[in-house]
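Each remark here refers to the structure printed beneath this line.
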Amino acid sequence: MSAPLRPRPAAQFGPATPRDRAVTGAPHSRLLTVGVIGAGRVGAVLGAALAAAGHRVVAVAGDSGASRARLALLLPDAPRSPADSVARAATDLLLIAVPDDALAAVVADLAGQGALRPGQVVAHTSGAHGLAVLAPAAAVGARPLALHPAMTFTGTPDDLPRLAGISYGVTAPADLRPLAARLVADLGGVPEWVAEADRPLYHAALAHGANHLVTLVNEATDRLRDAGVARPEKVLAPLLRAALENALRLGDDALTGPVSRGDAGTVERHLARLAATAPESVPAYLALARRTADRAIAAGRLRPVDAQSLLGVLAESNREVAA
7 MSAPLRPRPA AQFGPATPRD RAVTGAPHSR LLTVGVIGAG RVGAVLGAAL
57 AAAGHRVVAV AGDSGASRAR LALLLPDAPR SPADSVARAA TDLLLIAVPD
107 DALAAVVADL AGQGALRPGQ VVAHTSGAHG LAVLAPAAAV GARPLALHPA
157 MTFTGTPDDL PRLAGISYGV TAPADLRPLA ARLVADLGGV PEWVAEADRP
207 LYHAALAHGA NHLVTLVNEA TDRLRDAGVA RPEKVLAPLL RAALENALRL
257 GDDALTGPVS RGDAGTVERH LARLAATAPE SVPAYLALAR RTADRAIAAG
307 RLRPVDAQSL LGVLAESNRE VAA
């Protein structure tokens with residue numbers, strides 16, 4: 007069971023400077039008056055983390071049954087209100103945690119309703135977007151901030167301990183960077199400054215690494231079940247943990263397995279059995295095997311002469327799939 011949240015002083019913010027007060031309009035204590043629009047997994051958890059840091063989460067917007075359940079667990083004392091009311095109540099910081107494709111419409115609607123005010127920090131949690139999506143807020147004098155936690159969320163209190171030490175992809179105007187850094191520190195995180203033009207690449211890297219990892223693990227789990235393994239998670243857990251740790255520590259030097267050795271016959275047998283048992287897995291296996299071979303060759307792990315037969319198998323199999 008998760009430990010209850012205990013508000014703590016937002017000591018990392020320290021005394022307000024004249025610049026800080028000009029940016030947020032917040033009082034000298036630096037405790038911020040915060041509103042959260044979007045009580046999904048990210049918004050509810052970050053709202054709870056801000057409250058635990060001592061900030062005042064005065065209103066949240068989230069109407070679905072799942073949102074209400076999250077708020078009951080994570081922000082039981084914050085009243086639910088319509089989005090425009092939340093924006094008006096959030097005099098210092100408005101945190102918008104809605105799906106990427108909905109973000110532009112939400113910001114434009116709030117600005118159009120006059121719900122945003124000059125000096126108010128309007129932050130979103132999208133990894134894919136930077137500051138451009140907040141242009142309607144900036145046009146009325148609000149301060150735009152992109153603040154993306156590089157973490158996967160369940161939307162439960164169990165997420166809160168995982169926030170310690172994580173990175174946040176931050177894009178901010180120069181004069182808002184000091185406050186953004188303090189805000190990330192108060193959440194227990196570390197800022198990674200991402201240029202506006204690099205937000206799609208930043209987000210693609212995270213999605214490729216985390217989201218596709220889930221798919222890859224589940225594919226491996228399913229194929230082990232097909233092979234008669236009763237508890238595939240027990241087989242995979244130590245192997246995958248070691249592979250991940252080694253990859254993060256050693257880079258391409260962590261690579262092992264038949265592709266790194268140029269074992270064309272083994273890979274050919276893999277593909278033949280996959281085609282017979284789970285043909286839907288073949289394209290992904292081929293794509294990853296080819297990219298693995300490219301990286302192994304570039305890293306000097308696989309000599310080009312030893313890779314020829316392997317690359318031939320992959321090319322031939324790829325033509326068969328395309329046909």
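Under my numbering, the first residue of the sequence shown is numbered 7, with each subsequent residue one higher. Just so you know, even glycine gets a beta-carbon here, dropped at the ideal spot from N, CA and C. Being a predicted model, the structure only gives us computed values, none of them experimental.
- With a 10 Å radius around the Cβ and a threshold of 16 neighbouring Cβ atoms, leucine 77 comes out buried.
- Look at histidine 218 here: in three-state DSSP terms it is helix.
- Distance check between arginine 279 and each of Thr262, Leu140 and Ser323 places Ser323 closest, using alpha-carbon atoms only.
- For phenylalanine 159, the closest C-alpha among the options Ala50, Ala145, Thr227 and Gly234 is that of Ala50.
- Pairing serine 287 with glutamate 225 gives a Cβ-Cβ distance under 8 Å.
- Look at the stretch 132 to 161 and you find these whole runs of beta strand (DSSP E), each 3 residues long or longer: 149 to 155.
- Out of Arg301, Leu37 and Leu212, the CA that lies nearest to the CA of methionine 157 is found in Leu212.
- Only exposed fits proline 124, as fewer than 16 other CB atoms lie within 10 angstroms of its CB.
- Out of Arg255, Ala248, Leu222 and Thr283, the CA that lies nearest to the CA of leucine 294 is found in Leu222.
- Secondary structure within the stretch 184 to 272: the alpha helix (DSSP H) runs of 4 or more consecutive residues, fully enclosed, are 205 to 212, 218 to 232, 238 to 256 and 264 to 267 (chain order).
- Excluding its 5 nearest sequence neighbours in each direction, valine 48 has C-beta neighbours in its own chain below 6 Å: Ala103, Thr131 and Phe159, listed in chain order.
- Below 8 Å, too few C-beta pairs join the stretch 167 to 177 and the stretch 57 to 66 to call them touching: fewer than three.
- Counting C-beta atoms within 10 angstroms of its own C-beta, alanine 302 has 16 or more neighbours from the protein chains shown and is therefore classed as buried.
- Thr262 is the residue among Ala282, Thr262 and Arg275 whose C-alpha sits nearest the C-alpha of glycine 306.
- When rounded, the separation of the alpha-carbon atoms in alanine 249 and glycine 215 is 14 Å.
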